[in-house]
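Following: one structure in structure tokens, then a few remarks.
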Amino acid sequence: AIMTATYTAAPRTTSTGSLLTTGVAAAALASVATPIVAAAGRAAGIGLDVGGAPIPVQGFAVLTAVFSLIGVILAAVLSRTARRPRRTFVRTTVVLTVLSLVPDVIVDAAPATKALLMLTHLVAAAIVVPAVARRLAGS
1 AIMTATYTAA PRTTSTGSLL TTGVAAAALA SVATPIVAAA GRAAGIGLDV
51 GGAPIPVQGF AVLTAVFSLI GVILAAVLSR TARRPRRTFV RTTVVLTVLS
101 LVPDVIVDAA PATKALLMLT HLVAAAIVVP AVARRLAGS
């Protein structure tokens, strides 16, 4: 009797190119949204001063882009290395998002400023994490 073995690769929801395209688009959207949130807060009377120096509104866009793109790179690595890339990505980014709030809590700023800073982190995560996670295989 002849025995054969069949190898079936784990299904991937998307290609790396599609993951990166979606991730970059989500990062761009988040990089537009966070300065809008910051500007709206400032227009509502919430200061953007941290440690006595104002944070420029466009600074929100730059930092959002940088950290969102780091998240996209993380997703690309996990898509190739993790057994359950989507679940691993979501769990990791939830932890990282919570950790990103720590500096906002301890920074020298008014309570409303701290809350606004935290809101910008949550807005960025709410845009990027689900968009990227949908492109990853498995739960």
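Reminder that position 92 of the sequence shown reads as 92 in this note's numbering, one-by-one numbering, no gaps.
Note that the Cβ used here is the ideal one computed from N, Cα and C, for glycine as well.
ILE55 is classed as buried because its beta carbon has at least 16 other beta carbons within 10 Å across all chains shown.
Listed in chain order, the alpha helix (DSSP H) runs fully inside the stretch 89-132 amount to none, counting runs of at least 4 residues.
Around the beta-carbon of LEU99, fewer than 16 other beta-carbon atoms lie within 10 Å, marking it exposed. With fewer than 16 neighbouring CB atoms inside 10 Å of its own CB, ALA40 falls in the exposed class. Residues LEU101, ASP104 of the same chain have their beta carbon placed closer than 6 Å to that of MET118, with the five preceding and five following residues left out of the count. Apart from the 5 residues on each side of it in sequence, ALA75 sits with its Cβ closer than 7 Å to the Cβ of LEU19, GLY23, PHE89, VAL132, LEU136 in its chain, given in chain order. Annotation for VAL123: ALA30, ALA33, THR34, VAL37 place their beta carbon closer than 8 Å to its own, counting only its chain and skipping 5 residues before and after. Restricting attention to THR16, GLY138, ARG134, the CA atom closest to the CA of ILE73 is found in THR16.
Measuring C-alpha to C-alpha distances from PRO111 to each of ARG91, ALA61, ALA125, ILE46 identifies ILE46 as the nearest.
Counting along the chain, PRO35 sits inside the alpha helix (DSSP H) bounded by residues 16-43.
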